[in-house]
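Reviewing the structure listed below.
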């Protein structure tokens with residue numbers, strides 16, 4: 028599925044992507060969103076690279092990455108964090124150990140509120156054989172104590188990339204919750220769900236003029252995973268190359 032050469036930004040290939048997908052570890056994720064099913068659907072749809080980004084947890088990333096090796100889909104370990112301001116941001120990491128280290132940090136920053144599966148949904152952890160091996164006891168959709176202002180540095184310390192999620196949404200987005208894009212922000216990529224709103228967003232928030240824009244599914248159901256339409260220019264099909272692109276302005 029790789030498209031060779033002729034790529035903006037100097038990359039050698041373009042990868043069909045979806046860098047914001049929830050598994051059944053997220054309480055709002057459908058029970059069919061197991062790591063194997065997610066990667067299998069991405070392969071069927073023809074995606075080259077995906078990221079599993081559960082709410083405030085990376086605990087299903089290892090299983091998804093193992094499935095990615097079987098299916099030939101590049102899987103980036105990640106998380107959709109909910110900051111202290113209740114701003115959602117996607118955090119992507121260069122490897123599983125760095126993701127696990129960040130997972131520990133966020134886990135310790137979550138309020139110790141027990142999940143109520145009957146109200147919020149199950150939070151299932153899967154092993155590399157796609158079997159349930161545990162459940163996350165703390166409710167993952169709560170805000171943690173990490174601020175948006177300090178998030179960039181925490182992710183970069185681990186070799187990762189952070190970008191604000193679905194900035195066009197009216198809830199849990201950088202713009203909806205803070206009312207602006209802070210002028211001292213350091214992110215260079217931003218996620219827009221509805222690309223028809225991009226022109227207005229850039230007009231109202233000039234900071235975005237300097238950003239690379241990605242559009243991901245934020246899928247909680249298998250059928251909502253992106254179709255192979257949007258591409259990301261990279262030097263090669265690797266996690267490091269994808270992160271490098273996301274660290275460059277468009």
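Residue numbers (our numbering): 28 to 277. All C-beta atoms, glycine included, are put in the ideal place defined by N, C-alpha and C. Here the structure is a predicted model, which means the values were calculated and not measured.
Exercise. Could you check the C-alpha separation between residue 116 and residue 108 for me, to the nearest Å?
Key: Spanning the two alpha carbons is a distance of roughly 5 Å.
Quiz prompt | Nearest residue (CA-CA) to residue 235, options 213, 158, 244 | solution = Distances from the alpha-carbon of residue 235 to those of 213, 158, 244 put 213 closest.
Self-check item: Length of the line joining the Cα atoms of residue 125 and residue 95
Solution: In this model, residue 125 and residue 95 are separated by some 18 Å (Cα to Cα).
Quiz item: DSSP on residue 88, reduced to helix/strand/coil?
Solution: Helix.
Exercise. Indicate the three-state DSSP secondary structure (helix, strand or coil) for residue 111 in the structure shown.
Key: Coil, per DSSP.
Exercise. Work out the CA separation of residue 104 and residue 265 for me, nearest whole Å.
Key: Using only the alpha carbons, I get a separation of about 12 Å.
Quiz item: Taking C-alpha atoms, which residue in 91, 129, 70 lies nearest to residue 84?
Solution: Nearest of 91, 129, 70 to residue 84, Cα basis: 129.
Quiz item: Can residue 154 and residue 90 be called in contact, C-beta distance under 8 Å?
Solution: Yes, the Cβ-Cβ distance between residue 154 and residue 90 is below 8 Å.
Quiz item: Straight-line CA distance for residue 272 to residue 217?
Solution: Computed Cα separation, rounded: 13 Å.
Practice problem: Can you say whether residue 256 is buried or exposed, counting buried as having 16 or more other CB atoms within 10 angstroms of its CB? | Solution: With fewer than 16 other Cβ atoms within 10 Å, it is exposed.
Quiz prompt | Closest by C-alpha distance to residue 53, when choosing among 149, 190, 198, 227 | solution = Looking at the Cα atoms, 149 is the closest of the given residues.
Quiz item: Tell me, which residues are paired with residue 82 by DSSP?
Solution: The partner list for residue 82 (beta bridge, DSSP) reads 107.
Self-check item: For residue 75, the three-state DSSP class (helix, strand or coil)
Solution: Residue state, collapsed to three classes: coil.
Practice problem: Below 8 Å CB to CB, which residues in the same chain sit around residue 197 once its five sequence neighbours on both sides are set aside? | Solution: Result list for residue 197: 203, in chain order.
Exercise. Taking all protein chains shown into account, decide if residue 248 is buried (16 or more other Cβ within 10 angstroms of its Cβ) or exposed.
Key: Taking all protein chains shown into account, residue 248 has fewer than 16 neighbouring C-beta atoms within 10 Å of its C-beta and is therefore exposed.
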